[in-house]
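Residue numbers (my numbering): 1 to 338.
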Ligand code: TXA
Ligand code: MG
């Protein structure tokens, strides 16, 4: 299959995306978090193509993207006050809200669960494509399962060229890590940390919000995941990544003791004194810059042929929790404390 890449600035691109999606085809679309691999969420023939193209496990449900609250009402069987409060505060934006699903959502979209995760993206092209398609769009990240999520159209080309008819290029993703996932099925709980922090959600709701322990630790051996995605080792580059916790001077001394072909994944401030080849993923005090840079830097390390990578641990407060969560998964939870 020939894959077209069209700019999000071209009205023809948005129109073609809408048309292909209505016909049951897949299109990679930009969002403010990461690029999504979209299909008509209500089409039980189209949605399985997402799983096939990505090589995604069938038991991992898809997020559904909407462009209006009216669309949301058709997808869920109830819409509690808390959900409306969060939507008002954070949509359009990087927050996915899980609620009991309606009959309209096919089992393949929710992977057989009786709940559905929905979000209204803020990227203008994403909203325009949903509108052009006229249906809610199922959309996991537009990478092959296991590789880092795509934050540039070029990453989608790398993973999906020849496999889908169209990629819409909307530039670099502003946020860079996937949306925060919060479940309101029972007591509010953050299942996946992201740019909207648990503190912000808690402040909006005026109550405590739990954070799943899987934000910073693997599932226990006998634990049933609340979110099937927790089971899988996501975001892994080909290189072995090990997180190193410690100040710059100690980190540099540690690097000097490692094999000379080791790479470092560091902050911009570390660059001038780094004793090994390195890739920068953000600045030290700015979690948003780290979120924006992380996945691209993991892809770059692979392109450089890195076999082993020592990464400086990000601060894990606020948005940093989302950054640390993705890095932990890339590292298979391997952390060295100096
Ligand atoms: O930012 C994002 O959320 C991106 C962009 C494209 O919107 N999408 C994304 O989708 O990250 P995906 O499919 O890669 O991640 C969805 C996560 C998975 O960990 C999945 O297990 C969880 O959300 N999830 C989805 N529906 C769920 C449900 N009904 N119950 C529990 N977890 C759910
Ligand atoms: Mg993903």
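Backbone N, C-alpha and C fix where the C-beta goes; we use that ideal spot for every residue, glycine too.
{"Query": "Inspect the beta-carbon positions of residue 179 and residue 95 and report whether they are closer than 8 Å.", "Result": "yes"}
{"Query": "Can you grab the Cα-Cα spacing for the pair residue 195 / residue 334, in whole Å?", "Result": "23 Å"}
{"Query": "List the endpoints of the continuous beta strand (DSSP E) containing residue 309.", "Result": "308-312"}
{"Query": "Is residue 165 near residue 25, with beta carbons less than 8 Å apart?", "Result": "yes"}
{"Query": "Tell me which same chain residues have a C-beta within less than 6 Å of the C-beta of residue 47, skipping the five on either side of it?", "Result": "39, 108, 109 and 138"}
{"Query": "Check whether the Cβ of residue 273 lies closer than 7 Å to any heavy atom of the ligand TXA, and answer yes or no.", "Result": "no"}
{"Query": "Helix, strand or coil, according to DSSP, for residue 15 in the structure here?", "Result": "helix"}
{"Query": "Hey, is the stretch 109-118 in contact with the stretch 261-272, meaning 3+ C-beta pairs nearer than 8 Å?", "Result": "no"}
{"Query": "Between the alpha carbons of residue 16 and residue 312, how many angstroms are there, rounded?", "Result": "43 Å"}
{"Query": "Go ahead and pull the three-state DSSP assignment for residue 4.", "Result": "strand"}
{"Query": "Compute the Euclidean distance between the alpha carbons of residue 257 and residue 158, then round it to the nearest angstrom.", "Result": "35 Å"}
{"Query": "Any idea what DSSP makes of residue 222, helix, strand or coil?", "Result": "coil"}
{"Query": "Determine contact between the stretch 127-138 and the stretch 65-78, defined as no fewer than three beta-carbon pairs at a distance below 8 Å.", "Result": "yes"}
{"Query": "Would you tell me roughly how many angstroms separate the C-alpha atoms of residue 156 and residue 167, rounded to the nearest one?", "Result": "7 Å"}
{"Query": "Would you kindly report the start and end of the unbroken alpha helix (DSSP H) that includes residue 324?", "Result": "320-330"}
{"Query": "Any idea if residue 176 is buried or exposed, counting beta-carbon neighbours within 10 angstroms, 16 or more meaning buried?", "Result": "buried"}
{"Query": "According to the Cβ coordinates, are residue 294 and residue 319 closer than 8 Å?", "Result": "no"}
{"Query": "Going by the C-beta, is residue 140 closer than 7 Å to any heavy atom of the ligand MG?", "Result": "yes"}
{"Query": "Go ahead and pull the three-state DSSP assignment for residue 65.", "Result": "strand"}
{"Query": "Quick one: is the Cβ of residue 236 within less than 7 Å of any heavy atom of the ligand MG?", "Result": "no"}
{"Query": "So for residue 130, helix, strand or coil by DSSP?", "Result": "helix"}
{"Query": "What does a CB cutoff of less than 7 Å around residue 132 pick up in its chain, not counting 5 residues either side in sequence?", "Result": "14, 15, 17 and 18"}
{"Query": "Look at the Cβ atom of residue 181, then the Cβ atom of residue 147, and state whether they are nearer than 8 Å.", "Result": "no"}
{"Query": "Would you mind stating whether residue 252 and residue 277 have Cβ atoms separated by less than 8 Å?", "Result": "no"}
{"Query": "Of the choices 305, 266, 285 and 304, whose alpha-carbon is the least far from that of residue 327?", "Result": "266"}
{"Query": "Hey, which unbroken runs of the beta strand (DSSP E) at 3 residues or more fall wholly within the stretch 244-302?", "Result": "263-267 and 278-282"}
{"Query": "How would you call residue 290, buried or exposed, if buried means at least 16 neighbouring beta carbons within 10 angstroms?", "Result": "buried"}
{"Query": "Would you say the beta carbon of residue 149 is closer than 7 Å to some non-hydrogen atom of the ligand FMN?", "Result": "The ligand content of the structure shown is limited to the ligand TXA and the ligand MG, which means the ligand FMN is not among them."}
{"Query": "Assign residue 228 to one of three DSSP states: helix, strand, or coil.", "Result": "helix"}
{"Query": "Could you tell me which residues DSSP puts in a beta bridge with residue 183?", "Result": "98 and 189"}
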